[in-house]
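Structure first, commentary second.
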Amino acid sequence: MAVVIVQGASRGLGLQFCKVLASRADVAKVIATSRRAENEAALHSMQSQFPNKMVLINVDVTKENNIKQVVPKIMEESTGKIDLLLNCSAILHPSGKGETSLRDVSFEGLRTTFETNTIGPVLTAKYFSPLLLKSSGLFGKQAGKKHSGILVNLTAKVSSISG
Ligand SMILES: NC(=O)c1ccc[n+]([C@@H]2O[C@H](COP(=O)([O-])OP(=O)(O)OC[C@H]3O[C@@H](n4cnc5c(N)ncnc54)[C@H](OP(=O)(O)O)[C@@H]3O)[C@@H](O)[C@H]2O)c1
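The sequence shown lines up with residues 15 to 177 when you count with the numbering used here.
So, in structure tokens, the structure goes:
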């Protein structure tokens, strides 16, 4: 049975992925994270819809120590392996509105956005890859090859510089 982590699970695509994954018979556990996952009403309601399947853990992907600290708890909950990690954690801008003009950019806004959308996924890969490598590849197929766990980082065309 598969164990999955959905990062950025409190709303948007992450919340929908939690619902789809928790309803699958081949998924034993969905570990849902976000900065305030343990207090999110939408995740608590999903937890009651799928008893014993959903685990809620607060993780801020901009805080390396925080990612590192939750690994033992995730290891315990996942019995030492992760089959799929969906990273949906992202921001457009700390204010919630993306900048559309150079007048609106600021060092602080760019820094926080870069920390969340670029550094966060790399640190996530660093700390969770040992658990992904323990998976026997319950998700996906690779022609002619065996694979371990899968790490998916979501992005958007709006972040592409090639249009
Ligand atoms: N929605 C779409 O139609 C769409 C289409 C194409 C691509 N995408 C891409 O898919 C990804 C998710 O989009 P979305 O629309 O689902 O976004 P969203 O609704 O804004 O959700 C973002 C999630 O990231 C979490 N998050 C933000 N900062 C965080 C941090 N520092 N640490 C941990 N979690 C953090 C948020 O939770 P908290 O704020 O509670 O921490 C929230 O759960 C983005 O990369 C987006 O570009 C979305």
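Beta carbons are placed, not taken as given, at the ideal position from N, Cα and C, and that holds for glycine.
Computed from a predicted structure; not experimentally measured.
- Ranking Gly158, Leu152, Lys159, Val172 by CA distance to the CA of Ala42 puts Leu152 first.
- Here Glu90 is exposed: its Cβ has fewer than 16 other Cβ atoms, across all protein chains shown, within 10 Å.
- Less than 8 Å divides the Cβ of Val44 from the Cβ of Val18.
- Among the bridge pairs identified by DSSP, Ala46 is matched with Val20, Leu70.
- Per DSSP, the continuous alpha helix (DSSP H) segment holding Leu27 begins and ends at 26-36.
- Set against 7 Å, the gap from the CB of Val75 to the closest heavy atom of ligand 1 is smaller.
- Shortest gap from the CB of Ala23 to any heavy atom of ligand 1: under 7 Å.
- Contact between Ile96 and Leu145 holds: their C-beta atoms lie close to 4 Å from each other, under 8 Å.
- Note on Glu122: under 16 other CB atoms within 10 angstroms of its CB, so exposed under the neighbour-count rule.
- Assigned with DSSP and collapsed to three states, Ile133 falls in helix.
- For Ile88, there is no enclosing beta strand (DSSP E); the enclosing alpha helix (DSSP H) covers residues 78-91.
- Per DSSP, reduced to three states, the secondary structure at Val119 is coil, with no helix or strand assignment.
- About 28 Å separates the beta carbon of Asp74 from that of Arg38, a gap too long to meet the 8 Å contact definition.
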